[in-house]
Structures are given as structure tokens and as C-alpha cells.
Amino acid sequence: MHEFAFVFAGFAVGLVVGLTGVGGGSLMTPLLIFVFGIKPHLAIGTDLLFAAFTKMGGTVSLARARVVDWRIVGQVAAGSIPASLATLYLLQRLGPANPATQTLMTTTLGLALLLTAAATFYKAVRGKAAPSKIAPELLGQATRARHWALPVLFGAVIGTLVTITSVGAGAVGVIVLMLLYPALPLPRIVAADIAHAVPLTLVAGLGHASIGSVDWPLLLKLLAGSLPGIWLGAHLVHKTPDRVIRSLLSVLLAYAGVKLISI
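Numbering (our numbering), first residue to last: 13 to 275.
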């Protein structure tokens, strides 16, 4: 019975991700901890690989549509990947199952969920204000940050946050890219965020696997449900009230964040 519950949880999270684009980590990790009683380090490590595999298909589709700006992906990854590796080294030295490490993970996860809730609510209220199209001759300028170091710096922050909590590569990443590249159309920002999340979560997830923080059978059950869930959500996305769903999600994420911090 428990096996079917994990498959259904994967389907539910995949459906929401397909409908809203909100990162699966901000939903799946609290679900695994609170509902199924999975240890925080196992929930985070497993969810990182869950996110990597679920976003691979989306990245391939976006790349074929030629809406991924790889220069942006490379600039952000130049900060996030080294930061992820450094964080993994620190977690290995501390021990992922160490009580102090568990406290660090749950507290940081709570703060990350609050940040994601704020970012999700912001997108629900202001998301439509972002440009939807850009002239081809202006695209080169729109993909240049005010300073080359800014994407690297913000990437390092996201890389650290994602590695510790599995949260931040979705809604938070989109808000950061909106601030760094204000003239870039929202579809291209979302595409760059999804494409960047794949190598980051894959590196972080494999790093967690190397220190024993991944439950492989659990991962397979979650993926069995999430892949059809994302497919269905992507087909229903134009028939659902996006702002209402995002607003409700922001409240749910904020509640989970406060609960984690109070543990």
C-alpha cells in the first residue's frame, strides 16, 4: 500500500509542476518528511535526483524549440556547480545523518520554502507584467547581465541552497533571472531556469548518493508517478486558473516552511 502512496505522491507533484512550473523540490521534500516520515537527508538527496530526471525531458523539448539561452545557463552554472560541490564536501565532513546536520538541513529548508512561497506569490501577482516577446536583434543585449560576476554570484547562492535543501532551482531561480535579465521574455527565463536546474540537481543528487543520502527504490516509485503527472499537467495548463493555483501553493509552502523551522 505504501508503494502506491509514493507513486500517487509523485503523480500529484508532477501534475502541479506541469500546471505551474513550481519546482518539485519545494513540494516533494516537505511531503516526504511530513507525510511519509522520511529522514530529511534522504528526502533531500532523493528529491534532487527526482528533480533532475523530471526536468530532463522538459529541457530537451525547450532546446528543440530553441528557446534556451545557453550563455545564461553557463554563467549561472559557473557559480552553482562549484558551490554545490563545496557544499557536498562540507556535508560529507559533517556527516549527513548527524543531528546537527539534520537541524541545519531542516532549518535551511524551512527558510528556502518561505523564500519560494514569496517568489511563487510574486509570480502569481506580477508574472504577467514580464515581456512575452523580444525582437531578434535585441536578444543579444537582453542576455547580458549588468556585470558578468552577478550571474556567477547568484548561481553560487542557488547552488548552495539547492544542495542543502533541494529547493530553490525553480521559483527562486526564475525570480533571480528576472532581476538579472529584466528585458528577457518570461518564456526564455523559465527555459533557462529549467535547463540550469538539470545539471545542478544531477550533480547535487549524485553527490548525495555518494554519501548515502539517496533512497533508490523510493526514487523509482516517485518517478513512476511524476512522469505521467507532468505530461497531464502540461496538457491542462491552459485550462486552469494559474494565479489562483500559485497563490494557494504559496500559502501551503509558507506553512511547511514555518513548520520546519519550528521543529
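For each residue, glycine too, the CB sits at the ideal point set by N, CA and C.
Margin query: With three or more beta-carbon pairs closer than 8 Å as the criterion, would you say the segment 81-98 touches the segment 198-213?
Written below: Flag = yes, the segment 81-98 and the segment 198-213 touch.
Checklist line | Straight-line gap, I56 to V184 (C-alpha atoms, nearest Å) | finding: Going from the Cα of I56 to the Cα of V184 covers about 17 Å.
Next item on the list: Check whether the Cβ atoms of A21 and L125 lie closer than 7 Å to each other.
Entry: Cβ atoms of A21 and L125: not closer than 7 Å.
Next item on the list: Could you tell me the distance, in whole angstroms, from the CA atom of V85 to the CA atom of V174?
Entry: Spanning the two alpha carbons is a distance of roughly 16 Å.
Next item on the list: Helix, strand or coil for Y193, going by three-state DSSP, please let me know.
Entry: Three-state DSSP puts Y193 in coil, outside helix and strand.
Note to self: Check whether the segment 40-54 and the segment 111-120 are in contact - that is, three or more C-beta pairs closer than 8 Å.
What the structure shows: Contact holds: three or more Cβ-Cβ distances are below 8 Å.
Item checked: Cβ-based neighbour list, F18, same chain, cut-off 8 Å, excluding 5 preceding and 5 following -> For F18, where only same-chain residues beyond five positions count, the Cβ hits under 8 Å are F48, L230, K233, L234, G237.
Next item on the list: Work out the CA separation of Q104 and L127 for me, nearest whole Å.
Entry: Each residue's alpha carbon lies about 26 Å from the other.
Next item on the list: Starting from the N-terminal side, write out each stretch of the alpha helix (DSSP H) that is 4 residues or longer and does not extend beyond the segment 51-104.
Entry: For the segment 51-104, whole alpha helix (DSSP H) runs of length 4 or above, ordered along the chain, are 52-76.
Notebook entry, point to check: Quick one: Cα of P197 to Cα of A181, how far?
Noted result: Rounded to the nearest angstrom, the two C-alpha atoms are 19 Å apart.
Item checked: Local Cβ density within 10 Å of L150, reported as buried at 16 or more and exposed below that -> Exposed, since its Cβ has fewer than 16 Cβ neighbours within 10 Å.
Item checked: Three-state secondary structure (DSSP) of I201 -> The answer is helix: DSSP assigns I201 an H, G or I state.
Margin query: Once the 5 residues before and after D285 are set aside, which same chain residues still bring their CB inside 8 Å of it?
Written below: Nothing can be reported for residue 285: it is not among the residues displayed for the chain, which extend from 13 to 275.
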